[in-house]
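Here the structure is laid out as structure tokens; the discussion comes afterwards.
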Amino acid sequence: MKQQQGKRTFLITGGTGFIGSHIAVRLLSQGHFLLILARSQKQLSATERFFRLLDWFGVEKHQRSRIQVLEGQLDHPTLGLNAGEYISVLDRVDETIHCASDTSFSVLKREEVEKTNVEGLKNLLDLVVRSRCRSFHLISTAYVAGAVNGLCKEDYVPTETFHNVYEETKARGEQIAMARCLEKGIKLGVYRPSIVCGDANTGRTLRFNALYYPVRTMHFFQKIYTRDILEQGGSKARSMGIHLDQAGTLHLPVRIESSESGGINLIPVNHFVESFISLLEDAPEGGVFHIVNPRNTEISHLIDYTQRFFRLEGIRIAASEEFRITSRNALEVLFENHVRAYSPYMKDTRVFENHRTENILSQRNIVCPEFNYDLFATCMQYALDVDWGRLLEPEITSS
Ligand SMILES: NC(=O)c1ccc[n+]([C@@H]2O[C@H](COP(=O)([O-])OP(=O)(O)OC[C@H]3O[C@@H](n4cnc5c(N)ncnc54)[C@H](OP(=O)(O)O)[C@@H]3O)[C@@H](O)[C@H]2O)c1
Numbered sequence: 014m015k016q017q018q019g020k021r022t023f024l025i026t027g028g029t030g031f032i033g034s035h036i037a038v039r040l041l042s043q044g045h046f047l048l049i050l051a052r053s054q055k056q057l058s059a060t061e062r063f064f065r066l067l068d069w070f071g072v073e074k075h076q077r078s079r080i081q082v083l084e085g086q087l088d089h090p091t092l093g094l095n096a097g098e099y100i101s102v103l104d105r106v107d108e109t110i111h112c113a114s115d116t117s118f119s120v121l122k123r124e125e126v127e128k129t130n131v132e133g134l135k136n137l138l139d140l141v142v143r144s145r146c147r148s149f150h151l152i153s154t155a156y157v158a159g160a161v162n163g164l165c166k167e168d169y170v171p172t173e174t175f176h177n178v179y180e181e182t183k184a185r186g187e188q189i190a191m192a193r194c195l196e197k198g199i200k201l202g203v204y205r206p207s208i209v210c211g212d213a214n215t216g217r218t219l220r221f222n223a224l225y226y227p228v229r230t231m232h233f234f235q236k237i238y239t240r241d242i243l244e245q246g247g248s249k250a251r252s253m254g255i256h257l258d259q260a261g262t263l264h265l266p267v268r269i270e271s272s273e274s275g276g277i278n279l280i281p282v283n284h285f286v287e288s289f290i291s292l293l294e295d296a297p298e299g300g301v302f303h304i305v306n307p308r309n310t311e312i313s314h315l316i317d318y319t320q321r322f323f324r325l326e327g328i329r330i331a332a333s334e335e336f337r338i339t340s341r342n343a344l345e346v347l348f349e350n351h352v353r354a355y356s357p358y359m360k361d362t363r364v365f366e367n368h369r370t371e372n373i374l375s376q377r378n379i380v381c382p383e384f385n386y387d388l389f390a391t392c393m394q395y396a397l398d399v400d401w402g403r404l405l406e407p408e409i410t411s412s
């Protein structure tokens, strides 16, 4: 890899992930050089995995000469690199972008999550402080704010209560990075996205979690009961009060427990990448940046969008008291169990301060789009086109 003037060499972790791959592709298109730390999986080497992702993005083959994929893993003191590779990274890296993370919420996975999000980060910082790299970019999450209500500062604020091990370890990661970078004089940028969905223009995405989960569950119910009505006499549907009208709209009476004030904070992936690149270039001194939507999408609006797009009716919000009077039916229990892990993010009353980020982004007129029906429909159309990821190669959707 021969370096051109003005072009930098970025070490990127999590390049096989949703966010990391998008950042890598954007930096590559700007002519930069990339060192990608990635794991092999099943029969595929790290390089094969990353290059399959580049195919999905449509990156031309000639651009790939500016990439070196290093097979490794965070939870190893030397990141699983051999001595030669490790020294070569020390000598070449200008800036590091840490996107790799264990994003599991499950308490049963605490050990693994800590191993990656805390110990893995320390191992990476060990390399960074010994290298020529002087800028460390940490992809964190707005949800390091933890289980609080109201305004969440665009700053390091100690938190004691978290919804899950993911939030907790991400918050610990920020503290560790802050202390280490301060001690060693390395500039630290901490980027805190909220929930990232598909591209606002195309709907393209590699992950079908978060926003997609509850919508997909309703779509699943729709398929099951429509088939029951059209092909099996409809007795199951009738027993649940479900029917299909003449125009093809399915009446699906499902109550979703929520308060009217709760919402979900969604940003399209292209907005995240554009914002991140702008901050990288326009705020080289670093800092904490909330890359969020200034407007939460209310659950009632998401329900409207879902019903309109999929031709459903009957889904509605219900307060907790209603479930005490009329307990959940089988579908409502299934739905609730399925989306429980996401519940803090769907009924969110947190407000993320973002003046610092907005001031910088406004210089390039970067504004987060409102998550309206058109954006929802764009995301869901792509999800349907690829059957919620099943029609994409498994190697690029599983992380
Ligand atoms: N997506 C969102 O909505 C969102 C929102 C807020 C913040 N974030 C943050 O954005 C970052 C990226 O998230 P994402 O959505 O891109 O997640 P993702 O698609 O699950 O990707 C995670 C990446 O981390 C890698 N990784 C995990 N454990 C590793 C280990 N021990 N060693 C080396 N690599 C490891 C994975 O490698 P494999 O492919 O080998 O598994 C994958 O490349 C994370 O820091 C996350 O906290 C994401």
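Numbering (my numbering), first residue to last: 14 to 412. The C-beta atom is built at its ideal place from N, Cα and C for all residues, glycine as well. On a predicted model such as this, the values are computed, not experimentally measured, just so you know.
Asked, Found
"Since Pro382 and Ala213 should fall inside the 8 Å C-beta cutoff, what is the C-beta to C-beta distance between them, to a whole number of angstroms?", "5 Å"
"Pairs of beta-carbons, one from the region 51-71 and one from the region 27-40, closer than 8 Å: are there three or more?", "yes"
"For Glu181, which option in Cys194, Lys197 and Thr129 has the closest C-alpha, if you only look at C-alpha atoms?", "Thr129"
"Check for me: the alpha helix (DSSP H) holding Cys112 runs from which residue to which?", "Taken as a continuous stretch (DSSP letters only), Cys112 belongs to no alpha helix (DSSP H), as it is neither H nor E."
"Could you pull the DSSP bridge partners for Gly276 from this structure?", "Glu311 and Asp361"
"Using 8 Å for Cβ pairs, my map puts Cys112 next to Gly27. What's the rounded Cβ distance?", "3 Å"
"Would Gln422 be called buried (16 or more neighbouring beta carbons within 10 Å of its own) or exposed?", "It is not possible to answer for residue 422, since the shown part of the chain is limited to 14 through 412."
"In terms of residues, what are the limits of the alpha helix (DSSP H) holding Thr410?", "Pro407 to Thr410"
"With 16 as the cutoff for other CB atoms within 10 Å, does Asp400 come out buried or exposed?", "exposed"
"Taking its Cβ as the centre, do 16 or more other Cβ atoms sit within 10 Å of Val120, making it buried, or is it exposed?", "exposed"
"Any idea which residues DSSP pairs Arg205 with across the strands?", "His303"
"Closer than 8 Å is the cut-off here; do at least three beta carbon pairs connect the region 329-336 with the region 311-320?", "yes"
"What number of angstroms, rounded off, separates the C-alpha of Leu140 from the C-alpha of Tyr318?", "47 Å"
"For Phe149, list the residues DSSP reports as bridge partners.", "Thr109 and Leu201"
"Kindly examine ligand 1 and report whether one of its heavy atoms sits closer than 7 Å to the Cβ of Leu87.", "yes"
"My understanding is that Asp428 touches Gly133, with C-beta atoms under 8 Å, so please give their C-beta distance in whole angstroms.", "Here the chain comprises residues numbered 14 to 412, so residue 428 is not present and cannot be evaluated."
"Which same chain residues end up closer than 7 Å to Glu98 when comparing Cβ atoms and leaving out the 5 residues on each side of it in sequence?", "Leu83"
"By alpha-carbon positions, which one of Ser252, Lys249, Asn385 and Asp168 ends up nearest to Ala155?", "Asp168"
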